[in-house]
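Peer 1: Numbering (the numbering used here), first residue to last: 183 to 517.
Glycine residues also receive a C-beta, built at the ideal position from the N, C-alpha and C atoms.
So that we are looking at the same thing, I have put the structure below in structure tokens.
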Amino acid sequence: MSDISATAQSLLAEGKGILAADESTSTANKRFDDYDIEHTPENRRQYRQLLFTAPEIEQYLSGAILYEETARQVADEGTPLPEVLADRGIIPGIKVDRSLKPLPNFPGEHVSQGLDNLDERLDEYAEMGMRFSKWRSVIAIGDGLPTDECITANAHVLARYAGIVQSKHMVPIVEPEVLLDGDHSLEDSARVLERTLNTVFQQLAMYRVDLGGVILKTSMALPGSGSSEDVDHTQVAGTTMDVMEKCLPAELAGIVFLSGGQTPEDAIQHLQEIAVRGPYTWPVTFSYARALQEPVLKVWAGDPENMISAQDAFLEQVKKASAAQMGAYAANSAE
Ligand code: 13P
183 MSDISATAQS
193 LLAEGKGILA
203 ADESTSTANK
213 RFDDYDIEHT
223 PENRRQYRQL
233 LFTAPEIEQY
243 LSGAILYEET
253 ARQVADEGTP
263 LPEVLADRGI
273 IPGIKVDRSL
283 KPLPNFPGEH
293 VSQGLDNLDE
303 RLDEYAEMGM
313 RFSKWRSVIA
323 IGDGLPTDEC
333 ITANAHVLAR
343 YAGIVQSKHM
353 VPIVEPEVLL
363 DGDHSLEDSA
373 RVLERTLNTV
383 FQQLAMYRVD
393 LGGVILKTSM
403 ALPGSGSSED
413 VDHTQVAGTT
423 MDVMEKCLPA
433 ELAGIVFLSG
443 GQTPEDAIQH
453 LQEIAVRGPY
463 TWPVTFSYAR
473 ALQEPVLKVW
483 AGDPENMISA
493 QDAFLEQVKK
503 ASAAQMGAYA
513 ANSAE
């Protein structure tokens with residue numbers, strides 16, 4: 183097995199998942215706004231330190247994705263934050279896309295930036311201890327959207343990114359997120375997910391990316407946030423995994439799900455139902471940001487006195503997600 187595949191397999195270890203803590207500065211500040219937390223690098227450092235030093239989380243987390251600012255910050259006693267994670271056996275990774283730009287001539291559609299100098303940036307990130315990376319592209323559903331051109335443009339960038347990351351012996355997490363916004367149905371979402379994933383995997387093959395060293399980070403098939411369609415957790419799990427089984431090659435290292443604006447409880451229950459529907463050709467787990475962090479931010483609210491109870495809330499959340507990954511989560515009776 184190559185080094186890259188071995189890292190991918192470690193990230194996909196049974197009963198574990200990946201914490202997404204790679205919110206850009208503007209997104210992190212937006213999350214802070216809900217609790218009137220001041221937008222300072224120090225508050226962001228304190229918050230990420232709180233997450234990374236929470237007791238026992240290494241039993242439930244295989245990796246954590248950092249934003250560049252965090253990757254360069256240090257804990258109170260001076261240890262770089264990526265090292266704090268690595269010392270606990272949690273593999274540090276980094277988000278390397280550099281935000282979205284409108285796709286000219288395609289109103290409402292975007293393509294992610296950041297390929298220029300990516301190889302040089304990765305050399306530095308590898309020296310900082312990063313062993314994997316993430317690139318997020320977004321696909322919006324709407325009237326006449328997404329276009330094939332937008333899907334192809336993003337799939338192309340994701341494949342180019344994945345090739346560059348593997349050339350640096352790191353694992354690329356490839357994330358084409360189909361957005362929850364809109365009033366589309368579960369079936370609409372599944373169709374767009376299918377078109378997107380088919381195109382992404384065509385491009386990955388075209389650019390000769392080694393799929394054994396790629397982790398797909400994907401949204402679930404879900405009715406839009408503005409839809410009144412009533413679906414249960416089992417339907418979401420079934421529809422989502424039908425798409426995965428139709429589109430994904432057996433060689434792929436594994437699948438991690440994003441939470442994408444679902445409530446934390448829904449994201450965990452969907453993962454539970456996905457696990458129950460298995461087994462699958464690939465390992466399947468979580469890489470949530472909001473579904474793991476919302477309860478933590480609520481307890482912390484920027485007050486150092488709440489740190490211990492916020493860490494307890496974080497541990498509780500990762501335990502639930504880990505149980506769901508193994509199909510062992512029971513709502514209400516879970517610790
Ligand atoms: P959410 O789980 O909040 O969707 O974030 C996951 C992620 O990494 C988005 O890029």
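What do you reckon, are the CB atoms on G509 and A457 nearer than 8 Å?
Peer 2: yes
Peer 1: May I ask you to check if the CB of L398 is nearer than 7 Å to at least one heavy atom of ligand 1?
Peer 2: no
Peer 1: Taking the C-alpha atoms as reference points, what is the distance between K502 and A202?
Peer 2: 16 Å
Peer 1: Consider the C-beta atom of A473 and the heavy atoms of ligand 1; say whether any pair is separated by less than 7 Å.
Peer 2: Distances taken from the Cβ of A473 to the heavy atoms of ligand 1 include one shorter than 7 Å.
Peer 1: Name the one or two DSSP bridge partners that E265 has.
Peer 2: E265 pairs with nothing; no bridge assigned.
Peer 1: Using DSSP's beta-bridge definition, name the partner residues of F439.
Peer 2: Within the DSSP bridge table, the entry for F439 names T400 and F468 as partners.
Peer 1: Would you call the CB atoms of P328 and L368 closer than 8 Å?
Peer 2: No. Outside cutoff.
Peer 1: Less than 8 Å separating the beta-carbons of L267 and F234?
Peer 2: yes
Peer 1: To the nearest angstrom, report how far apart A188 and D325 are at their CA atoms.
Peer 2: 42 Å
Peer 1: Would the C-beta of S441 count as close to ligand 1, meaning under 7 Å from any of its heavy atoms?
Peer 2: yes
Peer 1: Look at the alpha carbon of N225 and the alpha carbon of I333, and state the distance between them as a whole number of angstroms.
Peer 2: 37 Å
Peer 1: Could you check whether V360 and I397 sit closer than 8 Å to each other, using their CB atoms as the reference points?
Peer 2: no
Peer 1: Which residues mark the beginning and the end of the beta strand (DSSP E) in which G275 is found?
Peer 2: I273 to K277
Peer 1: Is the closest heavy atom of ligand 1 to the C-beta of E251 under 7 Å?
Peer 2: no
Peer 1: Take the Cβ of Y217 as the centre, count every other Cβ of all protein chains shown within 10 Å, and call the residue buried at 16 or more, exposed below.
Peer 2: Burial call: exposed.
Peer 1: Roughly how far, in whole angstroms, is the beta-carbon of R342 from the beta-carbon of L297, given that I think they are within contact range, below 8 Å?
Peer 2: 6 Å
Peer 1: How should M183 be labelled, buried or exposed, when 16 other C-beta atoms within 10 angstroms of its C-beta is the threshold for buried?
Peer 2: exposed
Peer 1: Starting from the Cα of A401, find the closest Cα among A344, L434, D363 and V391 and give me that residue.
Peer 2: Checking the displayed sequence, the identity of residue 401 turns out to be Ser instead of Ala. Nearest option by C-alpha distance: D363.
Peer 1: Cα separation between G460 and S469?
Peer 2: 18 Å
Peer 1: Assuming L497 contacts A236 (C-beta within less than 8 Å), just tell me the rounded distance between them.
Peer 2: 6 Å
Peer 1: Could you please give the first and the last residue of the uninterrupted beta strand (DSSP E) stretch that includes K283?
Peer 2: L282 to P284
Peer 1: Report all residues from its chain with a CB closer than 7 Å to the CB of P264; omit the five preceding and five following residues, and keep chain order.
Peer 2: L248, A253, P274, M310, G311 and M312
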